[in-house]
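Engineer: The sequence shown begins at 82 in my numbering and counts up by one.
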Amino acid sequence: MVSLEKYDAVIFDMDGVLIDSEPLWKIAMEETFREVGCNLVKQDFQKTSGMRIDEVVAYWYNHVGWGGATQKEVENRIIQRMITLIEENGKPLTGVVETLNFLKHSEKRIGLGTSSYSILMAAVLQTLNLEDAFHFVHSAEHEHYGKPHPAVYLTVADKLGVHPVKCLVIEDSLNGIIAGKAAKMSVVCIPEKTHHPEPKLIVADYRYDSMMEFFLEISR
Numbered sequence: 082m083v084s085l086e087k088y089d090a091v092i093f094d095m096d097g098v099l100i101d102s103e104p105l106w107k108i109a110m111e112e113t114f115r116e117v118g119c120n121l122v123k124q125d126f127q128k129t130s131g132m133r134i135d136e137v138v139a140y141w142y143n144h145v146g147w148g149g150a151t152q153k154e155v156e157n158r159i160i161q162r163m164i165t166l167i168e169e170n171g172k173p174l175t176g177v178v179e180t181l182n183f184l185k186h187s188e189k190r191i192g193l194g195t196s197s198y199s200i201l202m203a204a205v206l207q208t209l210n211l212e213d214a215f216h217f218v219h220s221a222e223h224e225h226y227g228k229p230h231p232a233v234y235l236t237v238a239d240k241l242g243v244h245p246v247k248c249l250v251i252e253d254s255l256n257g258i259i260a261g262k263a264a265k266m267s268v269v270c271i272p273e274k275t276h277h278p279e280p281k282l283i284v285a286d287y288r289y290d291s292m293m294e295f296f297l298e299i300s301r
């Protein structure tokens, strides 16, 4: 059972935590990779879950390869498709708004640390009407390394003015959990529903089936 009294800040991942964007990512990537001749399917993308999109594209270029379009062109196509899908389909996962409101009234510092690019982060926050929900938001786009490197979370903690050990991270992917643990933070795992069961997620400090379950526990 998580005790919020131990923490001064809560830092959220975005994809699969605030918004059910993993299926949208898989649609955007599957369509775009097919256009350049790579017949990847949704299950393949579990291998790159939690990575920055440039790292995802580089991974598949190195493992499968394609001709014609550059990696940057493929990356940009995926991003533009994602923005459209977010604007058309984006909504907060159940329990997200309640959790954010509770944390705000509990006077916790609230941060967002995502592997997604800033342009996608902005699209999600605007579509979900969460632009004012966080004290600081940050994309790993601005770090030398993305998750599982802890840089994005360490930057958020620094900007929030909170020591890492007093931060609680909410994540859905193994790469994100590793990033949070490497930053010396405690980690809540709420597994993304389209992932296959991943035994390694047990490395998280706490696990819940949904954000609503997490909210109901912390608000008792």
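Quick reminder that beta carbons are idealized off the backbone N, C-alpha and C, glycines included.
Starting from the C-beta of L206, find all residues in its chain whose C-beta is less than 6 Å away, skip the five residues before and the five after it, and write them out in chain order.
Structural biologist: Cβ-Cβ distances below 6 Å link L206 to E212 in the same chain, with the five nearest sequence neighbours on each side left out; the list follows chain order.
Engineer: Return the bridge partner residues of V250 from the DSSP annotation.
Structural biologist: I92, V268
Engineer: Which same chain residues end up closer than 7 Å to M95 when comparing Cβ atoms and leaving out the 5 residues on each side of it in sequence?
Structural biologist: L193, T195, S197, M202, V205
Engineer: In the structure shown, what three-state DSSP assignment does I198 receive?
Structural biologist: A small correction: the amino acid at residue 198 is Tyr; Ile does not occupy that position in the sequence shown. In the structure shown, Y198 sits in coil (DSSP, three-state: anything other than H, G, I, E or B).
Engineer: Which residues mark the beginning and the end of the beta strand (DSSP E) in which H219 is found?
Structural biologist: 217-220
Engineer: Between the beta-carbon of A265 and the beta-carbon of D89, is there less than 8 Å?
Structural biologist: Reading off the sequence shown, one finds Lys at residue 265, where the question assumed Ala. Not closer than 8 Å, so no.
Engineer: My output table needs one value for Y234: the three-state DSSP class, helix, strand or coil.
Structural biologist: helix
Engineer: Report whether the distance from the Cβ of V138 to the nearest heavy atom of the ligand ZN is below 7 Å.
Structural biologist: Among the components of this structure there are no ligands whatsoever, and the ligand ZN is therefore not found.
Engineer: Does G227 pass the burial test, meaning 16 or more other C-beta atoms within 10 Å, or should it be called exposed?
Structural biologist: buried
Engineer: Exposed or buried, what is R190 when buried is set at 16 or more other beta-carbons lying within 10 Å of its beta-carbon?
Structural biologist: buried
Engineer: L255 and K281 look like a contact to me (Cβ under 8 Å); what is the Cβ gap, rounded to whole Å?
Structural biologist: 5 Å
Engineer: For L99, name the three-state secondary structure that DSSP assigns.
Structural biologist: coil
Engineer: When you compare only the Cα positions, how much space is there between E188 and L174?
Structural biologist: 22 Å
Engineer: Please tell me whether E252 and V98 are closer than 8 Å, where the distance is taken between their beta carbons.
Structural biologist: With contacts defined by Cβ atoms closer than 8 Å, E252 and V98 form a contacting pair.
Engineer: Assuming I299 is part of the alpha helix (DSSP H), what are its boundary residues?
Structural biologist: 292-299
Engineer: By Cβ distance, which residues of its chain are closer than 8 Å to T165, with the 5 residues on each side in sequence left out?
Structural biologist: none
Engineer: Shortest alpha-carbon distance to L297 belongs to which of V177, K185, Q152?
Structural biologist: V177
Engineer: Using 8 Å as the threshold, is the C-beta distance between R158 and T129 below it?
Structural biologist: no
Engineer: Look up Y140 in the DSSP assignment and say whether it is helix, strand or coil.
Structural biologist: helix
Engineer: Comparing C-alpha positions only, which one of I258, I271, E136 sits nearest to Y289?
Structural biologist: When only C-alpha atoms are compared, the closest one is I271.
Engineer: So Y234 packs on V83, CB below 8 Å; how close in whole Å?
Structural biologist: Contact doesn't hold; Cβ gap of about 17 Å is too wide.
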